[in-house]
Each structure stands twice: as C-alpha cells, then as structure tokens.
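Numbering (the numbering used here), first residue to last: 29 to 123.
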C-alpha cells in the first residue's frame with residue numbers, strides 16, 4: 029500500500045487553496061503525486077463507482093473532472109470497465 033510521506037503530503041497540500049485544487053500539475057511526477065492523493069482520499073478500495081459518482085467526487089476539488097478522471101485511469105490509480113460504466117480504485121503495490 030502506498031503512503032504519502034510528510035514531505036509529499038506538504039507538496040500536495042501546496043496545490044490546494046480552501047480545499048480546492050488550484051491547477052492540475054503539468055509535470056508528470058507532481059501530477060502522479062496529486063493523483064495518488066486523490067485516489068486515496070476520494071475513493072474507497074474495493075468499491076465500484078459509476079462515472080457520475082467519480083465526476084461528483086472529483087468536482088469537490090476541481091471543476092475539470094473529466095481531465096482528472098482521464099489522468100486517474102491513464103495513471104493506473106483508477107481502473108474502469110471497457111464500456112466505462114464502472115470505476116474502481118486500483119490496487120497498487122508499494123514500489
């Protein structure tokens with residue numbers, strides 16, 4: 029199970045103001061750090077989510093939920109069914 033260290037936790041918190049994500053990071057390493065944080069804090073392991081539920085959760089932090097959803101799937105933090113009807117937080121081994 030991946031955990032966020034105090035240093036990386038501070039780095040992620042720097043991206044937020046008043047609970048809202050100010051911008052999606054362009055640098056891949058920084059974006060991955062954010063996506064790991066979002067997956068761990070917004071989605072329960074083992075639970076299946078509809079696209080609407082994923083969008084709703086992501087909109088609580090940033091208006092561009094479709095970009096965040098796409099990045100989460102591409103980055104491996106969320107998996108989705110082929111038809112896009114269900115999403116799950118991916119089981120990621122610590123690396």
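Ideal Cβ positions, reconstructed from N, Cα and C, are used throughout, including at glycine.
As the structure is a computational prediction, the values presented were derived from the model and not from experiment.
Beta-carbon contacts of residue i that lie in its chain and below 8 Å, excluding the five residues immediately before and after
i          : result
residue 67 : 100, 105, 106, 117 and 118
Pick from the options that is closest to residue i, judged by C-alpha positions
i          : options             : result
residue 50 : 87, 113, 77 and 114 : 87
residue 83 : 43, 93 and 98       : 93
residue 85 : 48, 55, 56 and 58   : 48
residue 69 : 89, 54 and 55       : 89
Same chain, Cβ closer than 7 Å to residue i, five either side skipped, listed in chain order
i           : result
residue 103 : 60 and 63
6 Å Cβ shell around residue i - same chain, five flanking residues per side excluded
i          : result
residue 73 : 117
residue 76 : 114 and 116
Burial state of residue i (16 or more Cβ within 10 Å)
i          : result
residue 97 : buried
Minimum length 3: unbroken beta strand (DSSP E) runs contained in the region 31–111: 106–108
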